[in-house]
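A.B. asks:
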Amino acid sequence: MRDMKEYLKQIDEVIEKGPYKDDWSSLSAHPLPKWFQNAKFGIFIHWGVYSVPAFGSEWYSRNMYIQGSPEFEHHVKTYGPHKDFGYKDFIPMFKAEKFNAEEWAKLFEEAGAKYVVPVAEHHDGFQMYKSELSHWNAAEMGPKRDTLGELCEAFHEHGLVNGASSHRAEHWFFMGHGKEFDSDIKEPMQRGDFYWPAMSEADHHDIFSEPAPTEEYLQDWLTRTCEIIDAYHPKLLYFDWWIQHQSFRPYLKKLAAYYYNRAEEWGEEVLINYKHDAFMFGTAVVDIERGQFADVKPYYWQTDTAVALNSWCYTENNNYRPASDIICDLVDIVSKNGNLLLNIGPRADGTIPAEDAAILREIGAWLKVNGEAIYGTHVWRKYGEGPTQVVEGQFSDGIKKEFTSDDIRYTMKGDSIYAIAMRCAQDGSYTFPSLGKQDASHKPNFAGIIDCVSVLGFDSACEWTRDESGLHVKVEGVATDKPVVFQVELV
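In short: position in the sequence shown from 1, add 1320, done, that's our numbering.
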């Protein structure tokens, strides 16, 4: 096993020699990668030991130890008392016998994704990669394969940018309920144990509450994250919540400085995704969990959501979203200066459920035709218009948006404005108010001089006129349940 003190010394040496120091002022100079701004669409993967019970959600490892919860009752009924069969006993059942990284990469490429972010370690503390800091990892237990390493290699072969996600921070309290009754989570524990430290989560929702993570735990978090960086060179490092706890602040600065300096050594463009106010604004890219913004932002951002509304991982009763709704979200997010990171949940055997795959392929088919209105685009002077209001904030993806053909989103690239109707008009008539002529008050609209208008993916000719009320387009033979993209070419 690797000596943590020596690793911490290496981290300090890299920061001392590199251009980025562990302070917000220095980190704010780190540029946003062009590849990320051009990519627009990525895949998130929640896959791990929690995929074995496939019940409730990826929080099974916590909830199964909460007496009276559905997960607790299910666990006792299905597997027996917790003292005899605990969460650790799922690890030998997590065999991933049908896992094929090449097949996954092909599917993600077919889906039109440009980057992929597998969860390297979830709250449960099981590492999905080969580790020199803990034996509780997929290379030594369960699948006995370096699953993250195999995926990174396959992504590279298919031109997909590889990322990685760490949810380790929450492990501080995630297994704590197991100490409240006779279970397999018992003291004494020490660093390196699977369940360690299993602290009480009584006040964890107050991010400034005590007891705060110890220095030993924070150093363990830092070295585990740096190990992912060094071994797999992720171009995107994603963090879940709870790193915003004030005790993490100096370690977040150190982590970012180490990551950015290592990327400089390797000649790579990288970024960090974070939630809430974990990082100082401008030093990393903000992420909105299961939600989005109601208006365009002057800074770049990302939404992470999932194909299923009820869970990030595979469960036997996932409530799937229609692909058409997810495509509308993608269009809306891109028009507002953001990216969409869409999660899927493979089964424990390593197969991707047919429902997940079908949604990805449906998105990919739309992007194959309409991708030029998404990839490499930038915001226009106005993100869109229409009657349907998008609810702003996290955990709002369950609110169905009843878009109409009057709901329009705009993107721009080169000499073209892409006017995207969020729903198909039954009569084939569309109006784009922001693309009209200068109005009677001579107020400029900056839409430019239009040369021609066409609809992507259909051979139908567009008849169009333009007046002060907007650009009016009439097109026959266009029928779809997904957004319709009009390319407006300017002189």
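Just so it is clear, CB atoms sit at the ideal spot from N, CA and C, and this is done for glycine as well.
Please report the distance separating the alpha-carbon of His1487 from that of Ala1604.
C.D. replies: 17 Å
A.B. asks: Is it the case that the Cβ atoms of Ile1363 and Ala1431 are separated by a distance below 8 Å?
C.D. replies: Judged by beta-carbon spacing, Ala1431 lies within the 8 Å limit of Ile1363, meaning their Cβ atoms are closer than that value.
A.B. asks: So what's Ala1518 in DSSP terms, helix, strand or just coil?
C.D. replies: Coil, per DSSP.
A.B. asks: Kindly indicate which three-state DSSP category Asp1787 falls into: helix, strand or coil?
C.D. replies: strand
A.B. asks: Where DSSP assigns a beta bridge to Gln1612, which residues make up the other side?
C.D. replies: For Gln1612, the pairing in a beta bridge is given by DSSP as Gly1713.
A.B. asks: Counting only the same chain and skipping the five closest in sequence on each side, list residues whose C-beta sits under 7 Å from that of Gly1368.
C.D. replies: Val1439, His1442, Asp1444, Phe1446, Met1448
A.B. asks: Can you give the Cα-Cα distance for Val1795 and Gly1748, rounded to whole angstroms?
C.D. replies: 5 Å
A.B. asks: Tell whether a beta-carbon distance below 8 Å holds between Ser1725 and Ala1741.
C.D. replies: The answer is yes: Cβ separation under 8 Å.
A.B. asks: Could you check whether Leu1556 and Phe1361 sit closer than 8 Å to each other, using their CB atoms as the reference points?
C.D. replies: no
A.B. asks: Under the three-state reduction of DSSP, which class applies to Gln1746: helix, strand or coil?
C.D. replies: Coil at Gln1746, not helix or strand.
A.B. asks: Apart from the five residues just before and just after Thr1697, which ones in its own chain have a Cβ nearer than 8 Å to its Cβ?
C.D. replies: If you ignore the 5 residues before and after Thr1697, its C-beta comes within less than 8 Å of the C-beta of Lys1360, Val1654, Thr1731, Met1732, Lys1733, Tyr1738, all in its own chain and listed in chain order.
A.B. asks: Could you have a look at Gly1479 and say whether DSSP puts it in helix, strand or coil?
C.D. replies: coil
A.B. asks: Could you tell me whether the Cβ atoms of His1366 and Asn1639 are closer together than 8 Å?
C.D. replies: Going by beta carbons, His1366 and Asn1639 fall outside the 8 Å limit.
A.B. asks: Quick one: what does DSSP say Leu1382 is sitting in, helix, strand or coil?
C.D. replies: The residue you asked about is not Leu; residue 1382 is Arg in the sequence shown. Arg1382: helix per DSSP, three-state reduction.
A.B. asks: Kindly indicate which residue of Glu1588, Ile1694, Gln1714, Ile1335 has the alpha-carbon position closest to the one of Gly1483.
C.D. replies: Ranked by Cα distance from Gly1483, the options Glu1588, Ile1694, Gln1714, Ile1335 are led by Glu1588.
A.B. asks: Grouping DSSP H, G and I as helix and E and B as strand, with all else coil, what is Asp1404?
C.D. replies: coil
A.B. asks: So is Arg1322 buried or exposed if we call it buried at 16+ other beta carbons inside 10 Å?
C.D. replies: exposed
A.B. asks: Are the beta-carbon atoms belonging to Gly1496 and Glu1470 less than 8 Å from one another?
C.D. replies: No, these two residues do not count as a Cβ contact at 8 Å.
A.B. asks: Considering only the alpha carbon of each residue, which of Pro1666, Phe1599, Gln1357 lies closest to Trp1632?
C.D. replies: Pro1666
A.B. asks: Can you give me the C-alpha to C-alpha distance between Thr1625 and Leu1352, rounded to a whole angstrom?
C.D. replies: 22 Å
A.B. asks: Would the segment 1778 to 1794 and the segment 1676 to 1688 be scored as touching if the rule is three or more Cβ pairs under 8 Å?
C.D. replies: no
A.B. asks: Closer than 6 Å by C-beta to Trp1621: which residues in its own chain qualify, once you throw out the five before and the five after it? Chain order, please.
C.D. replies: Val1606, Gly1658
A.B. asks: Measure the alpha-carbon distance for Lys1617 versus Tyr1537 and round it to whole angstroms.
C.D. replies: Rounded to the nearest whole angstrom, the CA to CA distance from Lys1617 to Tyr1537 is 36 Å.
A.B. asks: Less than 8 Å between the beta carbons of Gly1602 and Ser1345, yes or no?
C.D. replies: no
A.B. asks: Measure the C-alpha to C-alpha separation of Trp1561 and Val1811 and round it to an integer number of angstroms.
C.D. replies: 47 Å
A.B. asks: Check the DSSP bridge columns for Leu1572 and list the partner residues they point to.
C.D. replies: None; Leu1572 has no bridge partner.
A.B. asks: By a C-beta neighbour count over all protein chains shown, 10 Å radius and 16 as the cutoff for buried, is Met1413 buried or exposed?
C.D. replies: exposed
A.B. asks: Touch check for the segment 1381 to 1396 and the segment 1684 to 1703: three-plus C-beta pairs under 8 Å?
C.D. replies: no
A.B. asks: Checking 8 Å against the spacing of the C-beta atoms, do Thr1800 and Cys1744 come in under that value?
C.D. replies: yes
A.B. asks: Kindly list the residues whose CB is nearer than 7 Å to the CB of Trp1586, restricted to its own chain and excluding five residues on each side of it in sequence; keep chain order.
C.D. replies: His1553
A.B. asks: Let me know if Gln1612 comes out buried or exposed under the rule of 16 or more other beta-carbons within 10 Å of its beta-carbon.
C.D. replies: buried
A.B. asks: If I follow the unbroken alpha helix (DSSP H) through Ala1425, where does it start and stop?
C.D. replies: 1421 to 1430
A.B. asks: Please state the DSSP three-state secondary structure of Lys1397.
C.D. replies: DSSP places Lys1397 in the helix class (H, G or I) of the three-state scheme.
A.B. asks: I'd like to confirm the pairing. Which residues does DSSP put opposite His1698 in its beta bridges?
C.D. replies: His1698 has Met1732 as its beta-bridge partners, per DSSP.
A.B. asks: Just mark Ala1274 as buried or exposed, buried being the case when its beta carbon has 16 or more other beta carbons within 10 Å.
C.D. replies: Only positions 1321 to 1811 of the chain appear in the structure, and residue 1274 is not among them; the question remains open.
A.B. asks: Is the separation between the beta-carbon of Leu1629 and that of Leu1575 shorter than 8 Å?
C.D. replies: The Cβ atoms of Leu1629 and Leu1575 lie no closer than 8 Å to each other.
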